[in-house]
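Working notes for the structure below.
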Amino acid sequence: MTSFLGTADELARRFGGGTLFIFRHDPPRGFWWDQGVVDRDVLALIEGDVPDTTESRDWLRACARDVLRDRFRQKAIYLKFVGPVEHLIVSEEEVSDED
Numbered sequence: 052m053t054s055f056l057g058t059a060d061e062l063a064r065r066f067g068g069g070t071l072f073i074f075r076h077d078p079p080r081g082f083w084w085d086q087g088v089v090d091r092d093v094l095a096l097i098e099g100d101v102p103d104t105t106e107s108r109d110w111l112r113a114c115a116r117d118v119l120r121d122r123f124r125q126k127a128i129y130l131k132f133v134g135p136v137e138h139l140i141v142s143e144e145e146v147s148d149e150d
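Heads up: the sequence shown is residues 52 to 150, going by the working numbering.
See the structure below:
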């Protein structure tokens, strides 16, 4: 658990925030082909809003390759880039009546 929280913290410091999904009951399971055999693994998910730049993608690839694979003892780390994404921030706004 602390590895997930530490990773989420690193990504938040780098990119400004994100969401850590913790599956306490019936976690989703991943299935993929690995040299002719279906591998299975318990999934964890960290989602972040990352600028769609070459620098961001390069940093994430290097982090997955050089840090996350060892940290989570994985053969591979799955990165998913979704876009384009439009951001909308809704906040409380004070409106005064000038009557």
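All residues carry an ideal CB built from backbone N, CA and C; glycine is no exception.
As the structure is a computational prediction, the values presented were derived from the model and not from experiment.
- In its chain, beyond the 5 residues on either side, Leu71, Ile73, Ala95, Ile97 have a beta carbon closer than 8 Å to the beta carbon of Phe55.
- In the DSSP secondary-structure assignment, Glu98 is bridged to Thr70.
- Leu139 counts as exposed, since fewer than 16 other beta carbons sit within 10 angstroms of its beta carbon.
- Contact between Gly99 and Phe66 holds: their C-beta atoms lie close to 5 Å from each other, under 8 Å.
- Leu119 and Ser107 have their alpha carbons spaced roughly 16 Å apart.
- Taking each of Arg75, Val136, Val101, Lys126 in turn and checking the Cα distance to Gln86, the smallest one comes out for Lys126.
- Looking at the backbone, the Cα of Glu61 and that of Asp103 are separated by about 18 Å.
- Around the Cβ of Ala113, a 10 Å sphere holds fewer than 16 other Cβ atoms; the residue is exposed.
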